[in-house]
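All remarks here apply to the structure that follows.
2 protein chains.
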Amino acid sequence: MTTIHDVARAAGVSISTVSYALSGKRSIAETTRRRVTDAASKLGYQPHAGARMMAGTRTQIFAVTAPLRHDTYAPAHMAFVLAVATAARRHDYDILLLTEDEATKGLARVASSRLVDGIIVLDVSARDERVDLVRSLGLPTVLVGIPDDTTDLACVDLDFEAATRLAVDRLTALGHRRIAHIGHPEEIYERGSNFPLRVRAEFGAYTEAMGLHGEFVTTETDGASVRATVQALLEADEPPSALILHAQESVQAAVLGYLAERGISVPADLSVISLGSTFDTSRFEPAIDVIPLIATATCDVAVDLLIDSLPFPPSPRVQYVAPEYRSFDSIAPPP
Amino acid sequence: MTTIHDVARAAGVSISTVSYALSGKRSIAETTRRRVTDAASKLGYQPHAGARMMAGTRTQIFAVTAPLRHDTYAPAHMAFVLAVATAARRHDYDILLLTEDEATKGLARVASSRLVDGIIVLDVSARDERVDLVRSLGLPTVLVGIPDDTTDLACVDLDFEAATRLAVDRLTALGHRRIAHIGHPEEIYERGSNFPLRVRAEFGAYTEAMGLHGEFVTTETDGASVRATVQALLEADEPPSALILHAQESVQAAVLGYLAERGISVPADLSVISLGSTFDTSRFEPAIDVIPLIATATCDVAVDLLIDSLPFPPSPRVQYVAPEYRSFDSIAPPP
DNA sequence: CTGAAAGCGCTTACAG
DNA sequence: CTGAAAGCGCTTACAG
Chain A
1 MTTIHDVARA
11 AGVSISTVSY
21 ALSGKRSIAE
31 TTRRRVTDAA
41 SKLGYQPHAG
51 ARMMAGTRTQ
61 IFAVTAPLRH
71 DTYAPAHMAF
81 VLAVATAARR
91 HDYDILLLTE
101 DEATKGLARV
111 ASSRLVDGII
121 VLDVSARDER
131 VDLVRSLGLP
141 TVLVGIPDDT
151 TDLACVDLDF
161 EAATRLAVDR
171 LTALGHRRIA
181 HIGHPEEIYE
191 RGSNFPLRVR
201 AEFGAYTEAM
211 GLHGEFVTTE
221 TDGASVRATV
231 QALLEADEPP
241 SALILHAQES
251 VQAAVLGYLA
261 ERGISVPADL
271 SVISLGSTFD
281 TSRFEPAIDV
291 IPLIATATCD
301 VAVDLLIDSL
311 PFPPSPRVQY
321 VAPEYRSFDS
331 IAPPP
Chain B
1 MTTIHDVARA
11 AGVSISTVSY
21 ALSGKRSIAE
31 TTRRRVTDAA
41 SKLGYQPHAG
51 ARMMAGTRTQ
61 IFAVTAPLRH
71 DTYAPAHMAF
81 VLAVATAARR
91 HDYDILLLTE
101 DEATKGLARV
111 ASSRLVDGII
121 VLDVSARDER
131 VDLVRSLGLP
141 TVLVGIPDDT
151 TDLACVDLDF
161 EAATRLAVDR
171 LTALGHRRIA
181 HIGHPEEIYE
191 RGSNFPLRVR
201 AEFGAYTEAM
211 GLHGEFVTTE
221 TDGASVRATV
231 QALLEADEPP
241 SALILHAQES
251 VQAAVLGYLA
261 ERGISVPADL
271 SVISLGSTFD
281 TSRFEPAIDV
291 IPLIATATCD
301 VAVDLLIDSL
311 PFPPSPRVQY
321 VAPEYRSFDS
331 IAPPP
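Protein sequences appear in the order of chains A and B.
Residue numbers for the first sequence follow full-length UniProt numbering, beginning at 1 and rising by one.
Residue numbers for the second sequence follow full-length UniProt numbering, beginning at 1 and rising by one.
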């Protein structure tokens with residue numbers, strides 16, 4: 001293994017000059033800098049990570065939490081983990097992945113062993129057991145997801161309230177007055193899951209404020225439950241003319257499957273918008289308009305926030321990512 | 001932050017005694033050991049990770065590669081990453097996640113900076129660009145997946161050949177003579193993906209050796225392609241009486257959906273086995289027998305292999321995980 | 001603009 | 001059974 005001494009010898013300078021030339025933390029004669037960088041790259045020099053952690057103040061590693069709950073949609077979570085990793089690499093940071101059963105113990109461990117410079121907590125729920133812990137850790141932390149109590153916390157998330165209003169606005173602009181929101185299974189709401197609750201609350205408040213007829217329904221994820229839910233909705237006395245779907249991929253696919261079966265055409269007979277989805281709704285048949293939950297957008301902001309709070313006492317704040325509407329022609333005026 | 005000196009002072013011993021008492025690397029008087037461990041836990045002592053890396057020979061971190069290709073099934077990959085992390089934690093190891101675009105650069109970087117003690121490469125394909133690299137890194141490495149050339153390599157994977165024979169054997173035992181194998185899209189095979197190729201090859205060889213009629217078909221993943229594929233299969237002059245599915249979840253679901261539509265009953269009219277699946281086939285309608293690809297089983301072996309090769313020059317070898325058959329009554333004698 | 005040296009917090013021979 | 005000390009490879013005041 002080649003060390004800083006090898007580089008110093010090859011460049012004919014002292015090791016402190018090598019260190020400064022490579023870090024740029026003090027001015028160096030251009031010719032000296034060249035000699036050092038040339039020697040370093042010729043020798044394939046990579047600073048020893050452990051020595052750096054020891055001597056410097058940074059480890060260049062962030063901890064990221066793996067999903068806390070088993071029912072977290074795995075591909076979405078993978079997308080978020082990878083998005084964090086990719087964003088972190090742009091700042092020369094690596095990602096240490098903490099497993100579920102380590103949710104709290106692991107955080108405490110990596111914090112007190114000074115293994116990481118900061119923490120990104122993914123998939124934060126309204127009442128999250130990890131929130132109190134991170135407050136006590138004294139390590140820069142950013143949460144992805146907004147807990148009920150955000151005191152002293154830095155949080156990032158899609159603005160689900162704005163996303164909900166955006167969906168409703170698009171529909172009312174076309175003349176819809178009766179809109180149904182098909183959500184997640186009951187237990188998701190009972191457990192305090194973050195954005196399903198926020199979407200449901202905003203949907204209720206906003207449709208009421210706008211004088212619309214907004215109906216919220218939950219459904220289990222199996223095919224039969226989905227069919228029954230949609231059927232009940234459509235066979236009501238005054239059925240909705242538009243659907244806002246905020247549920248897992250298979251449920252949304254099942255809704256569309258049932259509509260096709262029944263010969264209900266989207267958007268001619270019924271308008272449909274998918275909200276907060278992490279999967280590709282343009283591959284549904286038919287393709288469905290979506291206000292997506294974009295892992296890269298959210299995680300880029302989270303990592304930037306974390307990087308910014310590294311040198312300072314972390315600046316608590318809640319940052320909302322603005323929603324975006326992607327049209328695939330699945331909405332039209334009511335029949 | 002509490003250091004080894006704090007613990008030594010509190011316990012009234014030297015720092016070397018603290019180190020040895022905690023590591024157990026030399027014998028310590030029981031009373032001394034108690035004093036040390038008590039002091040350590042009272043002070044909440046956690047050794048500084050960087051100092052450990054420096055002084056010791058271990059970092060207690062393994063690198064794990066994120067998916068190399070975009071079409072890798074994300075939930076499966078997440079399961080493998082988490083399975084590695086969980087297994088690693090049992091040996092006091094943490095996991096550093098390398099992103100895709102870092103596939104090779106990241107491996108070289110963490111190796112030469114001595115950030116990790118070993119590497120687990122996930123989702124290895126038949127001809128994998130990372131294989132030559134890891135051979136040159138001089139770091140203990142275990143591959144999950146078997147490349148064409150395994151020289152000097154430690155690899156772990158489900159025994160897909162045995163799994164394929166197991167599926168065929170179960171069917172022939174019931175009297176099936178005409179078996180179709182529905183596989184992945186064409187391009188997966190062209191690109192040298194690991195187990196699809198192995199399953200296809202073994203299916204061809206084994207059905208021929210057994211004097212059976214084995215037919216292999218590929219299908220694109222969209223609903224229309226799947227329907228067309230299954231339809232062609234079933235409307236042939238001599239249609240198969242059993243199907244072995246080795247494809248992504250949505251394709252397998254689409255196959256079953258099409259069968260249901262056509263009024264073809266499983267297993268009365270047609271037997272179906274799912275092979276190498278990472279998802280829950282018991283939730284299909286109907287539930288389908290499966291020879292699963294179990295992330296935990298494979299990754300446990302991979303991590304054990306890596307741990308074993310830490311003190312020694314890595315012992316190259318290919319280790320196959322035996323397949324397991326899980327019955328959900330989706331096979332029966334041919335009609 | 002550059003160098004000599006202290007020090008980060010451990011582990012592990014070396015002594016006793 | 002235990003301790004004093006060297007040393008791991010860096011970073012960063014301190015000098016010049």
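All C-beta atoms, glycine included, are put in the ideal place defined by N, C-alpha and C.
Assigned secondary structure, residue i (DSSP; H/G/I helix, E/B strand, else coil)
| i | result |
| --- | --- |
| residue 281(A) | helix |
| residue 37(B) | helix |
| residue 321(B) | strand |
| residue 182(A) | strand |
| residue 6(B) | helix |
| residue 101(A) | helix |
| residue 28(B) | coil |
| residue 220(B) | coil |
| residue 176(B) | coil |
| residue 328(A) | coil |
| residue 77(A) | helix |
| residue 271(B) | strand |
| residue 288(B) | coil |
| residue 188(B) | helix |
Contact list for residue i against chain B, beta-carbon separation under 9 angstroms
| i | result |
| --- | --- |
| residue 81(A) | 66, 78, 81 and 97 |
| residue 8(A) | Within 9 angstroms Cβ-Cβ: nothing; residue 8(A) doesn't reach chain B, min ~18 angstroms. |
Short Cβ contact (8 angstroms threshold) for residue i with residue j
| i | j | result |
| --- | --- | --- |
| residue 153(B) | residue 131(B) | yes |
| residue 11(A) | residue 39(A) | yes |
| residue 309(A) | residue 147(A) | no |
| residue 49(B) | residue 115(A) | yes |
| residue 256(A) | residue 279(A) | no |
| residue 123(A) | residue 138(A) | no |
| residue 60(A) | residue 92(A) | yes |
| residue 273(B) | residue 244(B) | yes |
| residue 330(B) | residue 292(B) | no |
Beta-carbon proximity list for residue i, same chain, < 6 angstroms, skipping 5 on both sides
| i | result |
| --- | --- |
| residue 258(A) | 227 and 230 |
| residue 241(A) | 176, 178 and 334 |
| residue 217(A) | 182 and 229 |
| residue 326(B) | 290 |
| residue 316(A) | 152, 153 and 154 |
| residue 106(A) | 98 |
| residue 121(A) | 65, 130 and 143 |
Partner residues on chain B for residue i, Cβ-Cβ distance less than 7 angstroms
| i | result |
| --- | --- |
| residue 86(A) | 99 |
| residue 274(A) | Near residue 274(A) there are no residues of chain B at all, since even the closest Cβ is about 17 angstroms away, more than 7 angstroms. |
| residue 54(A) | 50, 51 and 54 |
Proximal residues of chain A, C-beta to C-beta of residue i below 8 angstroms
| i | result |
| --- | --- |
| residue 177(B) | Correct list: empty, because the minimum Cβ distance to chain A is about 34 angstroms. |
Chain B within 8 angstroms of residue i, Cβ atoms only
| i | result |
| --- | --- |
| residue 184(A) | no |
| residue 102(A) | yes |
| residue 1(A) | yes |
| residue 187(A) | no |
| residue 132(A) | no |
| residue 44(A) | yes |
| residue 147(A) | no |
Own chain residues within Cβ distance below 7 angstroms of residue i, not counting five before or after
| i | result |
| --- | --- |
| residue 238(A) | 178 |
| residue 307(A) | 91 |
| residue 104(A) | 129, 130 and 133 |
Own chain partners of residue i with C-beta closer than 8 angstroms, once the 5 adjacent residues on each side are dropped
| i | result |
| --- | --- |
| residue 321(B) | 156, 157, 158, 159, 294, 297, 298 and 301 |
| residue 20(A) | 26 and 28 |
C-beta neighbour in chain A for residue i, strict 8 angstroms
| i | result |
| --- | --- |
| residue 252(B) | no |
| residue 150(B) | no |
| residue 263(B) | no |
| residue 170(B) | no |
| residue 343(B) | This structure leaves residue 343(B) out entirely; chain B is present only between 1 and 335. |
Within chain B, the residues that residue i reaches when beta carbons sit closer than 8 angstroms
| i | result |
| --- | --- |
| residue 47(A) | 113 |
| residue 59(A) | 49 and 50 |
| residue 424(A) | Only positions 1 to 335 of chain A appear in the structure, and residue 424(A) is not among them; the question remains open. |
| residue 109(A) | 46 |
Near the ligand HEM: residue i beta-carbon under 7 angstroms from a heavy atom
| i | result |
| --- | --- |
| residue 113(A) | What this structure holds is no ligand at all, so the ligand HEM is not there to describe. |
Partners in chain A for residue i, counting only beta-carbon separations shorter than 9 angstroms
| i | result |
| --- | --- |
| residue 140(B) | Within chain A, no residue comes near residue 140(B); the closest Cβ sits about 16 angstroms away, beyond 9 angstroms. |
Under 7 angstroms by beta carbon: chain A residues contacting residue i
| i | result |
| --- | --- |
| residue 285(B) | 223 |
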